[in-house]
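Q: If you use mature numbering (1 follows the signal peptide of the UniProt record, and there is no 0), the sequence shown corresponds to residues -30 to -1, 1 to 224, in order.
Just so it is clear, CB atoms sit at the ideal spot from N, CA and C, and this is done for glycine as well.
Because the structure is a prediction, the values reported are computed rather than measured.
One structure coming up, written as structure tokens, with questions to follow.
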Amino acid sequence: MKVKKLGLGLSTLAALSVFTNLAFSLPAVAQTWQRVPGCAKKIALGGAGAWVLGCAKGGSGGYQIFSWNGSAWDLVPGAAVDIAVDSSGTPWVVSTGGEIFQRSGNSWQRVAGCAKKIAAGGAGPWVLGCAKGGSGGYQIFSWNGSAWDLVPGAAVEIAVDSSGSPWVVSTGGEIFQRSGDSWQRVAGCAKKIAVGGAGPWVLGCAKGGSGGYQIFSWNGSAWDLVPGAAVEIAVDSSGSPWVVSTGGEIFRAP
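Set out below in structure tokens:
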């Protein structure tokens, strides 16, 4: 991967994981879910709508890719194992081999680099690279328009808000938010993270039933438990979440 080292001299996320207090609040906040047709492995929201990676393989590159037209899923040529959508509605995907692609018109354009995970927000995409960055997970990179800048830290999950600020989850489930040139620990334990609208949502480290992990939304100081369970989550610009259950069922906040 072509990188430009920022040289900030910051420690990795593993070294930052000094906070162990959980901040999950009970009881659950009111939330209802509306079933959306289809079966998904991954889900992403951005711009005008939703995109998913379906449950069927689309070739050696991964799963089939679909975009939501408001009433059904339109099949988009290509295959991927991870997907993100930026604020303009442009999808970015990662293939089985770590190749990164950006949608341009009706085709996919290859972007240099190798990634395990991808996220997109206000200022552009971020990825978790294919090389380990320490005990916390994979190296973290931000796109500067022509190359990937290496950012100190390591993670296994990443999300980016509308202002371009990333949130990450480490191997041990620790949650961090980027603030300036450093990572700030946020109390709690997560398997997945998504950011949109008013703030982040996570799938916690405890199971919430047969559908997957417990769902939480951030109220500014603690995590509010939301009814339901999921294995994937995405949040749109208005703050409304979509989730995917263990069996691939898709649900959205009405």
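Between G174, S132 and V97, which has its C-alpha nearest A117's C-alpha?
A: Comparing Cα-Cα distances from A117 to each of G174, S132 and V97, the minimum goes to V97.
Q: Looking at the structure shown, is A176 part of a helix, part of a strand, or coil, going by DSSP?
A: Correct three-state label for A176: strand.
Q: Straight-line CA distance for R80 to F36?
A: Taking the straight line joining both Cα atoms gives about 19 Å.
Q: For A54, I'd like the list of residues in its chain whose CB is within less than 6 Å of its CB, leaving aside the five on either flank, ordered along the chain.
A: Cβ within range, chain order: A14, W62, I88, A89 and A90.
Q: How many Å lie between N189 and Q1 at the Cα?
A: Answer to the nearest angstrom: the Cα atoms are 14 Å apart.
Q: Rounded to whole angstroms, what's the CA-CA distance from S112 to V138? Just pull it up for me.
A: Roughly 13 Å separates the two Cα atoms.
Q: Mark R5 as exposed unless 16 or more other C-beta atoms lie within 10 angstroms of its C-beta, in which case mark it buried.
A: Result: exposed.
Q: Skipping 5 residues on each side, what residues in its chain have a beta carbon closer than 6 Å to that of V213?
A: Taken in chain order, the residues that qualify are A200, I203 and F221.
Q: Expressed to the nearest angstrom, what Euclidean distance is found between the alpha-carbon atoms of G167 and G150?
A: Approximately 20 Å between the Cα atoms of the pair.
Q: What does G99 pair with, by DSSP beta-bridge criteria?
A: Answer is A85, bridged to G99.
Q: How big is the Cα-Cα spacing for K177 and D44?
A: Whole-angstrom Cα-Cα distance: 32 Å.
Q: Can you tell me which residues form a DSSP beta bridge with W171?
A: The partner list for W171 (beta bridge, DSSP) reads A164 and S187.
Q: Put W21 into one of helix, strand or coil per three-state DSSP.
A: In the structure shown, W21 sits in a strand (DSSP, three-state: E or B).
Q: Using only CA atoms, which one of W78, L23 and T60 lies nearest to P95?
A: Nearest C-alpha to P95: T60.
Q: For Q34, count neighbouring C-beta atoms within 10 Å of its own C-beta (all shown protein chains included) and say buried if the count is 16 or more, exposed if not.
A: By the neighbour-count rule (16 or more Cβ atoms within 10 Å), Q34 is buried.
Q: Does DSSP classify E69 as helix, strand or coil?
A: Three-state result, E69: coil.
Q: Between which two residues does the beta strand (DSSP E) carrying D151 extend?
A: Note, D151: premise wrong, no beta strand (DSSP E); not H, not E.
Q: Quick check: the Cα distance between G174 and I163, rounded to an integer number of angstroms?
A: Each residue's alpha carbon lies about 9 Å from the other.
Q: Just the Cα atoms here: how many angstroms apart are N(-10) and G158?
A: The predicted position of N(-10) is uncertain, since its pLDDT is 35 and thus under 50; no value can be drawn from it.
Q: With H, G and I counted as helix, E and B as strand and the rest as coil, what does DSSP make of V213?
A: It is a strand residue.
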